[in-house]
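Read through the structure below, which is laid out as structure tokens, and then see the notes.
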Amino acid sequence: MRKILVVLVLVIVLTGFGLWGMQKILNQKVTQIQYRFAKVEKRDLANSVSSTGTLSAVNTVEVGSETSGQIMELLADFNSQVRKGDIIARLDPDSYQALVREAEAELTLNRAKLLTQKAAVERCRADLQNARAKLASARAQIKKARASFDNALRELERNRPLLAKGIISKTLYDAGETTTAEANAQLEQVQAEEAAAASQVASSQASLTMAFAQVKEAEAQIDLKKATLDKRRVDLDNTIIRSPVDGVIIERSVDVGQTVAASLQAPTLFTIAQDLSRMQVTTSVDEADIGRIREGQPAYFAVDAFGNRRFSGQVTQIRKAGKTVQNVVTYTVIVSADNSDLSLMPGMTASVEIEILKKRQVLAVANAALSFKPSRAGSAKAGGVDASADAGAQEGPPKRRADPEERLRRLTEALDLTQAQQDSLQEVFQEIGRKMRTARQGSEFGPDDRRALRDKVRKETQAAIVKVLTPEQRQRYERLSEERKENRVQQGTIWRLRDDNVPVGIPVTAGISDGSYTEISGKDLEPGMDVIIGMLK
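Per the working numbering, residue 1 is the first one in the sequence shown, and the count goes up by one each step.
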């Protein structure tokens, strides 16, 4: 029995010495661990969207030629300052001058033809007047011949009973018949002359109408030749290439002696940047980020030519049409920038940062501090944070939602809601509350059900709010929603070194990040505090 007790005592003593030795070794290892540190500091942080783009002038004009020909003279070159209307090039005008002279001769010829046609009109008008005079004379002769015939006929009728009574001789009566026949023949003759005169009048009228038509045709030909001459003169004038705007020539595509062929599309001779004191960056933003971009947001960019300089600008346009390249959808965003010193040039590649949200002088720490995780052996539990827990940023517990009255008050202040809109939204919130209470009273309502219900209620509430808003209020509400997303916080842990060289965790709330530093808030935080960002190997 005594031997057993001795053995047990020896085992206990040896075990104690072993544990003491292991602890000492571990403490030595902890003491020997060396860490890398960074300081908690106040700094400006901006959450931004990164992209690349190309610089260009706000307004670039391509100067072309509407006529074909050989370049005879160049009066401007690269970087030339030009004013609107300045001559910058000339084409060989000889062929166009010949066409102008030809058109002028054709116009003169047609004007002479017009004079001839007008003279023909006057001749036809005179012929018509003569024909009408002859017709009038023939009608007068008819009246005279009819009167003579009527008189001879009456005389013959009077002599017929006298002949029967033997008062006049047969010879006298026969003479009366002859006179009557001659008068009738004369009447028929002048009637035929009247018909001929009427035909002559109709013919002269037709000739006059035809002459008028020929005059109209000649006048139309003159108008046509005038138009042809004007076109020839325009073509001749187009051999002189003028600057359409004030600006700087940034591209010249032709040389003296080169032939320009203008067919369906005018060839480009020069490219003129209208105003290089204002530039724009055409950048492509991924579809995942385009919803955060708004017109008016500040933007900053750098170019390789000025690596140490940061240029500022502003988002002026978000184009709706997306572009798909290798299954990646991007949207074009235009950033305008000042270039009063003319340091920026068209075509430069710019690295762009579009600022979504900015906070000034907030406590921040390097991102590595939030991702640092000490070993279990060399850490301690402090500040309510278990040293064995994962150290990175974690989603914090859900916050208690504001009651419907408080939420309605905030919306009213932010969106200037009318009383009618407030009444409508109050009914919406009450109905949503009833649905939530009814669902929670169900027998089976687990975490997954609760999460699905929250998502459903959120969507229904947002749809109901948007429905009662005006278009302007709707835009403001969307901006507020985006800002809430940007301000979403996370819970995390940073680590500082205790006096005994043991890391101690400090719980923090993480805010916005610029990719290198992250905003933090919490207890026991102060500028200048050293926090661990890694271990030295």
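The beta carbon of each residue, even a glycine, is placed where N, CA and C say it ideally should be.
Could you give the distance in angstroms between the alpha-carbon of N99 and the alpha-carbon of R232? For the record, residue 99 in the displayed sequence is Leu; it is not Asn. Going from the Cα of L99 to the Cα of R232 covers about 6 Å.
Cutting at 6 Å between CB atoms, please list the residues of its own chain near F429, excluding the five before and the five after it. P404
Where P267 sits in the DSSP three-state scheme: coil
Indicate the three-state DSSP secondary structure (helix, strand or coil) for D44 in the structure shown. strand
In chain order, what residues of the same chain have a beta carbon less than 8 Å from the beta carbon of G384, not counting five sequence neighbours either side? Only weak support exists for where G384 lies, its pLDDT of 44 falling under 50; the value from the coordinates is given anyway. Here the set comprises P507.
In the DSSP assignment, find the alpha helix (DSSP H) that holds A288 and state where it starts and stops. Premise fails: A288 is in no alpha helix (DSSP H) and is neither H nor E.
Roughly how many whole angstroms lie between the Cα atoms of A89 and L74? 4 Å
Report the residue from L425, D530 and E41 whose alpha carbon sits nearest the alpha carbon of D499. D530
Grouping DSSP H, G and I as helix and E and B as strand, with all else coil, what is M210? helix
Name the residue from K42, G53, F37 and A464 whose alpha carbon lies nearest to the alpha carbon of V303. G53
Around the Cβ of F311, are there at least 16 other Cβ atoms within 10 angstroms (buried) or fewer (exposed)? buried
Cβ atoms of Q81 and V248: under 9 Å apart, would you say? yes
Through-space distance from N59 to L357, alpha-carbon basis: 30 Å
I'd like to know if the region 182-199 and the region 135-143 are in contact, where contact means that at least 3 CB-CB pairs between them fall below 8 Å. yes
Please list the terminal residues of the continuous beta strand (DSSP E) segment that includes V61. T60 to G64
Just how far apart, CA to CA, sit A175 and S137? 29 Å
Straight-line gap, R476 to R292 (C-alpha atoms, nearest Å): 14 Å
For E526 and L363, I'd like the C-alpha separation in whole angstroms. 8 Å
Verify whether the separation of the beta carbon atoms of K84 and P244 is less than 9 Å. yes
Skipping 5 residues on each side, what residues in its chain have a beta carbon closer than 8 Å to that of V457? I432, K435 and M436
Applying the criterion that 16 or more other CB atoms from any shown protein chain within 10 Å of the CB defines a buried residue, is L224 buried or exposed? exposed
Where does V234 land, buried or exposed, given buried means 16+ other C-beta within 10 angstroms? exposed
What's the call for N308, buried or exposed, on a 16-neighbour Cβ count within 10 Å? exposed
Tell me the rounded alpha-carbon separation between Q258 and S65. 13 Å
DSSP three-state assignment for D338, whether helix, strand or coil: strand
Distance, Cα to Cα, M540 vs K320? Any property of residue 540 remains undetermined from this structure, which presents the chain solely from 1 to 537.
Based on DSSP bridge pairs, tell me the residues matched to S351. T52 and A302
Alpha-carbon to alpha-carbon, Q317 and L417: 29 Å
Residue from T268, A288, G313 and L156 with nearest C-alpha to T282: G313
If you reduce the DSSP assignment to three classes, tell me which class A197 lands in. helix
If we call anything under 9 Å between Cβ atoms a contact, is V365 one with T330? no
Using only the alpha-carbon positions, how far apart do N367 and P298 sit? 24 Å
Buried versus exposed call for T171 [16 or more other C-beta atoms within 10 Å across all chains shown]: exposed
Please confirm if the region 32-39 is in contact with the region 345-360, defined as three or more CB-CB distances below 8 Å between the two stretches. no
Using only the alpha-carbon positions, how far apart do G534 and S516 sit? 15 Å
Taking 8 Å as the line, does the beta carbon of S68 fall inside it for any heavy atom of the ligand SAH? Summarising the ligand content, the structure contains no ligands, and the ligand SAH is consequently not present.
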